[in-house]
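Converting from the sequence shown to my numbering requires adding 821 to each position, the first position being numbered 1. Glycine included, C-beta positions come from ideal geometry on N, C-alpha and C. Model, not experiment: these values are computed from the prediction.
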Amino acid sequence: MKYINFFEKQNVSKLCYGTLSLSNLQNFDTLNNKVKLLNYAYSKGINFFDTAELYDNYNILKEFIKDKDRDKLTIATKSYAYDKNTAEYSVNKALKELNTDYLDVFMLHEQENGNNFLGHYEAVERFMKYKEQGVIKHFGISTHKVQAVRDSIKFKEIEFVFPLFNKNGIGIQDGTINDMLDSIKKAKEQNKFVMAMKIYGGGHLITDAKESFDFVNEIQEIDSIAVGMSTIEEIDANICYLENNELNINIKNKIRNQ
């Protein structure tokens, strides 16, 4: 496993487990089997996990982290909070349902631009108070839009930027892959932490998985890569891509048949 520096933490896996793939929005397997996947990923060195209030899967992560050293895990979540009350609701829900005392990263979900961010600023102010208290360690945004990444440099509150990014620009709503890369570079110049999402274009690039992974992995401004994984073979394949290892025939066959 390759590890990165993450603010005050060290040894955070560059590969982040995107847990939308384990939510009931996408996956109807049992809780026990979903937890087994997280434990398998953890045994392989993955200690970075992304979730969201929308995914409604905090119960899975709660079960997973209950016997772990919390300080050795990095958990990011997000919500659509827009004012003080919704910010408090979202943070308290996450803390309670994850059974944790703090959140490593809290993001505003699917931000569009700076004006959109300002429209949520009452929530941002409440998140900053949580940050002062140590309840939230770092704050950021997730987005499918170039403009949101570009505008992130205007706001000191935004430390963590989580944009959609893949080699064909699939899903970018307001520009090209080159536009998004340019914005990411500008954000990185301001010391934002950048994590890429949907590197396989929502499944459209899965037949070019290695090429798609390499494209993102080779961009130095991208600190980490979040990938949704729903089988052991997918976990193994993405770790192989990260480490530039060849997939064995068993993994190839299983991935091909899914």
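Mind checking residue i: buried by the 16 CB within 10 Å criterion, or exposed?
i     : result
G961  : buried
Y847  : The sequence as given places Gln at residue 847; Tyr does not occur at that position. With fewer than 16 other Cβ atoms within 10 Å, it is exposed.
S963  : buried
Q1041 : exposed
T840  : buried
I1027 : exposed
S911  : buried
S1033 : buried
D877  : exposed
G1024 : exposed
N1069 : exposed
S1059 : The sequence as given places Asn at residue 1059; Ser does not occur at that position. Flag for N1059 reads buried.
F942  : The sequence as given places Tyr at residue 942; Phe does not occur at that position. Looking at its Cβ environment, which holds fewer than 16 other Cβ atoms inside 10 Å, Y942 is exposed.
F948  : buried
F849  : exposed
K1019 : buried
Alpha carbon to alpha carbon, what distance is there between residue j and residue i?
i     : j     : result
S1045 : A1017 : 6 Å
N1066 : K830  : 27 Å
D1003 : F976  : 18 Å
N1078 : E1054 : Since pLDDT at N1078 reaches only 49, below the 50 mark, its modelled position is unreliable, and no value is offered.
L875  : L939  : 21 Å
K889  : Q968  : 38 Å
K914  : K988  : 35 Å
G992  : Y1021 : 10 Å
E884  : D1057 : 22 Å
V1048 : D904  : 30 Å
Y824  : N832  : 5 Å
A944  : N936  : 14 Å
E1064 : N906  : 44 Å
R891  : K1006 : 32 Å
Y863  : E978  : 30 Å
L781  : Y1062 : In the structure displayed, the chain extends from 822 to 1079; residue 781 sits before or after that span and is not available.
Excluding the 5 residues preceding and the 5 following residue i in the sequence, name in chain order all residues of the same chain whose CB lies nearer than 6 Å to its CB.
i     : result
F981  : V926, H959, G961, F1014
A1030 : none
M822  : S834, G866
Excluding sequence positions up to five away, which residues of its chain have a Cβ less than 7 Å from the Cβ of residue i?
i     : result
Q994  : H965, K966
A1008 : V970, S973, I974, V982, V1015
E931  : S963, T964, H965
Could you pull out every residue in the same chain whose Cβ sits closer than 8 Å to the Cβ of residue i, ignoring the five residues on either side in sequence?
i    : result
I882 : According to the sequence displayed, residue 882 carries Leu and not Ile. Once the five neighbours on either side are set aside, the close Cβ partners of L882 are T840, L859, F870, T872, I896, L919.
N868 : N832, V833, S834, K893, L894, T895
L909 : At residue 909 the sequence reads Glu, which differs from the Leu that was named. Excluding sequence neighbours, E909 sits near R947.
**Study point:** Stretch pair the stretch 941-956 + the stretch 917-927: three plus CB contacts closer than 8 Å
**Key:** Short answer: they touch.
**Study point:** the stretch 888-897 touching the stretch 852-859, judged by at least three CB pairs closer than 8 Å
**Key:** Short answer: they don't touch.
**Study point:** Whole alpha helix (DSSP H) elements within the stretch 894-920, 4-residue minimum
**Key:** For the stretch 894-920, whole alpha helix (DSSP H) runs of length 4 or above, ordered along the chain, are 905-919.
Check your understanding: In chain order, which alpha helix (DSSP H) runs of at least 4 residues are fully inside the stretch 973-1039?
Key -> Taking 4 residues as the minimum length, the alpha helix (DSSP H) runs contained wholly in the stretch 973-1039 are 998-1010, 1030-1038, in order along the chain.
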